[in-house]
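First comes the structure, then the notes that go with it.
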Amino acid sequence: MDTAYSNVDHPRKRQKRTSLPLWFYRVLDKAGRERRSCKPEDFDQDISEYEESGYTSEESFEGADTNIYQRYKAMREGRKRQLKSMQEQEEAEYDEEHDDEEHDDEEQEGEEQEEEGGEEEVDEEEDEEELGDEDEEVEEDEEKEGEDEEGDEEEEEDDEQQEQDDIDQEQEFQAGNEKEVDDAEESLKRAIMNGERLPRLALEDAYFNLYCGDYVNYSWDPLDGYPRHIEFYGALNNVRYSPPTKPLEGKISFDDNAECNFTAFIQPKNASLNGFQLKDVNGNHKFLIQFFSNDYLRIRVSRELVFQGKIPPPHTPEFFDFSGIRFDVKKARAKRAREEQMVRKRPRSESSEASERSEESVHVVDAFV
């Protein structure tokens with residue numbers, strides 16, 4: 001099945017690195033241990049300056065966690081902008097409160113002067129000088145307001161450009177994962193044509209992350225760290241069965257408000273291009289699913305399920321095709337350990353330089369490995 005991103009332009013050549021920032025491993029390890037999705041607050045520990053950006057979008061990396069890093073990086077940049085906005089609001093409130101206190105002090109001082117009878121008469125020349133000073137102050141204030149407005153416009157343009165860069169990066173991330181599933185589908189097609197033995201399926205306790213570029217087009221939030229996923233587990237009321245005939249139940253989830261549990265089904269014995277239909281326990285939604293192997297699947301769902309509890313944006317397609325890739329915590333940690341071991345085996349001049357670059361992007365990091 002072709003995806004909507006088969007014609008995506010190749011990104012321009014980027015600088016390659018093999019070591020990812022330490023904040024990424026801390027957040028990834030924390031989410032894995034607690035078996036939950038990454039949250040925006042997870043990045044607060046490592047963000048010391050809202051203006052620092054760490055690695056730039058022009059850099060790319062080699063390794064198993066590269067795609068996940070790109071997604072987390074976009075979330076982290078979004079969190080920085082949110083914290084910066086919160087800080088600016090607090091400073092504005094403080095300045096306003098401070099100005100009110102100064103105004104109260106001036107009024108009190110004036111009252112004391114009146115009570116003491118210490119007011120002095122001011123002649124016309126002094127009045128004219130004061131009026132002239134006030135005019136100059138008004139002009140200066142107007143010039144300053146104009147400069148502030150220009151600065152606000154430039155900052156707004158920068159934020160819009162950063163948001164578009166984040167969307168483009170997320171689209172690239174989604175397209176890369178969709179292509180991985182497309183390749184698995186093509187591999188299965190060749191195996192069928194050549195009469196090869198097809199992979200047997202073992203889906204109990206399987207967890208698949210879901211990817212869809214179309215979804216990003218209609219639902220984008222840089223702070224949305226909720227992983228769209230589908231998971232399978234053994235049906236509790238069918239303990240008399242044993243794999244591979246044991247019925248499976250599961251849950252599909254797109255965000256906190258859009259998820260559903262689906263009814264029990266007998267998993268196919270082998271991978272297949274054929275799709276079969278599942279339905280939620282309330283009978284409100286149906287969706288079509290294909291298993292290309294134990295590690296790859298594709299699922300077609302309606303927009304009513306994807307945007308459950310919300311009004312879909314205009315021109316939203318009737319169906320979304322999500323590509324699923326199985327997530328294995330043990331494999332992910334093993335790959336990361338191998339990569340770190342390779343870094344330690346490098347000559348001191350290479351490995352220390354990469355490590356120093358990573359440490360410059362954060363100031364506080366836990367010992368988590």
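Each residue of the sequence shown is one higher than the one before, starting from 1 at the first, in the UniProt record's numbering. Note that beta-carbon positions come from the ideal geometry of N, C-alpha and C, so glycine has one too.
Helix, strand or coil: which one does DSSP assign to residue i?
i, result
"N257", "coil"
"D205", "coil"
"F319", "strand"
"N270", "strand"
"A235", "coil"
"I325", "strand"
"F43", "helix"
"R197", "coil"
"L20", "coil"
"F173", "helix"
"E51", "Note that E51 scores 46 on pLDDT, short of 50, meaning its location in the model is unreliable and no value can be drawn from it."
Return the CA-CA distance between residue i and residue j, expressed in angstroms with no decimal places.
i, j, result
"residue 370", "E180", "Only positions 1 to 369 of the chain appear in the structure, and residue 370 is not among them; the question remains open."
"L273", "E156", "48 Å"
"G250", "A206", "9 Å"
"P227", "A92", "36 Å"
"Q70", "A175", "13 Å"
"R76", "K335", "23 Å"
"L20", "Q341", "14 Å"
"Y50", "D152", "Any reading at Y50 must be qualified, since the residue scores a pLDDT of 47, below 50, and its modelled position is unreliable; the value itself is stated next. Near 17 Å, if we compare the C-alpha coordinates of D152 and Y50."
"L28", "Y72", "9 Å"
"S323", "E147", "49 Å"
"R197", "L188", "10 Å"
"I230", "R200", "19 Å"
"N177", "D321", "13 Å"
"G283", "S302", "14 Å"
"A235", "F276", "18 Å"
"N261", "V281", "6 Å"
"D182", "S37", "25 Å"
"Q87", "R81", "10 Å"
"I325", "E204", "15 Å"
"K13", "I167", "Reliability fails at K13, whose pLDDT of 43 lies under 50, so the model's placement of it is uncertain and the value that follows must be treated cautiously. Going by the C-alpha atoms only, they are around 19 Å apart."
"E137", "E145", "12 Å"
"F265", "L248", "5 Å"
"A191", "K246", "27 Å"
"K279", "N294", "21 Å"
"H285", "Q169", "32 Å"
"R33", "K331", "14 Å"
Kindly identify the DSSP beta-bridge partner or partners of residue i.
i, result
"Q290", "R298"
"I252", "I230 and C260"
"K279", "K286"
"F307", "Answer is none; F307 lacks a bridge partner."
"L210", "G324"
Along the chain, where does the alpha helix (DSSP H) containing residue i start, and where does it finish?
i, result
"G213", "G213 to Y218"
Quick check: is the beta carbon of residue i nearer than 8 Å to any beta carbon in chain D?
i, result
"F327", "Going by chain labels, chain D is absent from the structure shown, which holds only one protein chain."
At what residue ranges does the segment 76-104 contain a whole run of the beta strand (DSSP E), taking only runs of 3 or more? Restricted to the segment 76-104, not a single beta strand (DSSP E) segment is unbroken, complete and at least 3 residues in length.
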